[in-house]
């Protein structure tokens, strides 16, 4: 009896140590990366993300389809209060740059995809920008982290990815309070396009 209790105790300790190691070396770094904002002022340092694809109501599109245009990808969910509260600012951003080479994509990470999204969109007819879901289902980690490769990890909603006119990541902004920075970067990137 003592021997089986000892084996059970050792197995429990090994399991606990394995779980700790997995979290410490695998999960925690991804969460930190998902919370990290980033800005690439130097165009040469911007990572190319033309391969990122998403599904719109009209079919599958990729960042490469927006060549020559500045794109903001707003990663959000219908159950996220700051995301929903930010819709008027996104509508205003889309309107502000309506005549510029600019596109805004609201990328929903709702688990139910279009089934969750369609009723939500009916309640918000003022949305004047493209709404999409990831083309391939994203990988969820601990319900707090979404891997949207090659865009990057997302640990906080909303997260904004700003893409330059050549399909390169120019900035990642985490949280709804970063909206002024998103807008300012869009304006700078549009100037880059007009300077070419």
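In this note's numbering, the protein residues as written are 71 to 266.
All C-beta atoms in this analysis are idealised placements derived from N, C-alpha and C, irrespective of residue type, glycine included.
Since we're looking at a predicted model, the values are computed, not measured.
One or two residues paired with residue i in a DSSP bridge
i	result
residue 263	According to DSSP, residue 263 bridges with nothing at all.
residue 132	123
residue 222	218
residue 229	145 and 244
residue 140	172
residue 118	238
residue 109	241
Rounded C-alpha distance that separates residue i from residue j
i	j	result
residue 83	residue 216	30 Å
residue 150	residue 264	36 Å
residue 152	residue 228	7 Å
residue 166	residue 253	10 Å
residue 219	residue 169	30 Å
residue 259	residue 155	26 Å
residue 269	residue 118	Limits of the chain in this structure are 71 at one end and 266 at the other, which puts residue 269 out of reach.
residue 115	residue 146	26 Å
residue 190	residue 141	23 Å
residue 177	residue 230	10 Å
residue 204	residue 73	52 Å
residue 192	residue 161	16 Å
residue 247	residue 158	14 Å
residue 187	residue 206	16 Å
residue 144	residue 78	48 Å
residue 195	residue 108	32 Å
residue 257	residue 112	16 Å
residue 182	residue 223	20 Å
residue 122	residue 185	22 Å
residue 245	residue 232	14 Å
residue 148	residue 261	33 Å
8 Å contact criterion, which residue i and residue j should meet: CB distance rounded
i	j	result
residue 175	residue 200	5 Å
residue 241	residue 110	7 Å
residue 128	residue 172	Residue 128 to residue 172, Cβ: 19 Å. No contact.
residue 198	residue 164	5 Å
residue 125	residue 202	6 Å
What alpha helix (DSSP H) runs, 4 residues minimum, are completely inside the segment 156-220? 157-166 and 184-193
Could you tell me whether the segment 229-237 touches the segment 117-135, where touching means 3 or more Cβ pairs closer than 8 Å? yes
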